[in-house]
Amino acid sequence: MTETKILNSNSAQQLVASWQGEGKKIVFTNGCFDIVHLGHIDYLEKARNLGDKLILGLNTDASVRRLKGETRPVVNEYARSRMMAAFEFIDAVVLFDEPTPLELIQEISPDILVKGDDYTPETIVGADFVIEKGGEVKTIALVKGYSTTALIDKIKQL
């Protein structure tokens, strides 16, 4: 069942258009979500509560390596996409390999674009596009003390 929520960009576009045709508000966020922790869960639940459907753009393994270095990701893209799709508050997962999710955001054209409060609306990739289309850009307060990097560092000290 969870695998049916993992879509390519064309399928995601069609699904989003259908949902928007029903008057649903589509929220989009993205990230690596390498080792899932409380900070991720809290953030994604809050993102979903901003609209009716949540689309997650998930970095491919190659994309994560380019962003985080050769030792990442710890968890491969198949496992990460299955885990993300298993959450009831995520309605679709779309892998992307580009340096940023801009192309995916333009294809999906969400109503609400969300990132953590470690970003400002001015630094969120795709914000200009979403705003020009009449959408909103929001940030969500992150749970302090939780990050994948900190978790990896803690494990290394064991």
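What the sequence shown shows, in the numbering used here, is residues 309 to 466, in sequence order.
For every residue, glycine included, the Cβ atom is placed at its ideal position computed from N, Cα and C.
Per-residue burial, residue i [other beta carbons within 10 Å of its own, 16 or more giving buried]
i, result
"A394", "exposed"
"T379", "exposed"
"I439", "exposed"
"T456", "buried"
"A387", "exposed"
"G434", "buried"
"L466", "exposed"
"A325", "exposed"
"I416", "buried"
"A458", "exposed"
"I314", "buried"
"L403", "buried"
"F432", "This sequence places Ile at residue 432; Phe is not what is there. I432 comes out buried."
"S371", "buried"
Among the options, the one whose alpha carbon lies nearest that of residue i
i, options, result
"L375", "I420, P407, D419", "P407"
"G424", "D369, S371, Y454", "Y454"
"F322", "L358, T431, L346, A400", "Per the sequence presented here, residue 322 reads as Gln, with Phe not at that position. The option with the nearest alpha carbon to Q322 is A400."
"G442", "D461, E430, I420", "I420"
"T368", "A355, L466, S326, D342", "D342"
"E353", "L450, F397, G331, L315", "F397"
"L366", "K333, L412, G377", "L412"
"K446", "N357, E330, I463, V383", "N357"
"P429", "I349, E444, T310, L315", "E444"
"I448", "P418, H345, D436, D426", "D426"
"Q328", "P418, S317, L450", "P418"
Terminal residues of the beta strand (DSSP E) in which residue i lies
i, result
"K313", "Here K313 belongs to no beta strand (DSSP E), and DSSP marks it neither H nor E."
"V445", "444-448"
"V422", "420-424"
"F395", "Counting along the chain, F395 falls outside any beta strand (DSSP E), and DSSP gives it neither H nor E."
Identified DSSP bridge partners for residue i
i, result
"V401", "I314, L364"
"V359", "Correcting the residue type first, residue 359 is Gly in the shown sequence and not Val. DSSP output for G359 lists no bridge partner at all."
"G339", "L366"
Residue i: first and last residue of the uninterrupted alpha helix (DSSP H) it sits in
i, result
"T457", "456-464"
"E415", "410-416"
"V438", "435-440"
>> Under 8 Å, with one C-beta from each stretch per pair, do the stretch 381-399 and the stretch 408-422 reach the 3-pair mark?
In response: No, because fewer than three Cβ pairs between the stretch 381-399 and the stretch 408-422 fall closer than 8 Å, the two stretches do not touch.
> Counting pairs of Cβ atoms below 8 Å between the stretch 351-371 and the stretch 336-343, do you hit three or more?
Replying inline: Touching, yes, given that three or more Cβ pairs across the two stretches are closer than 8 Å.
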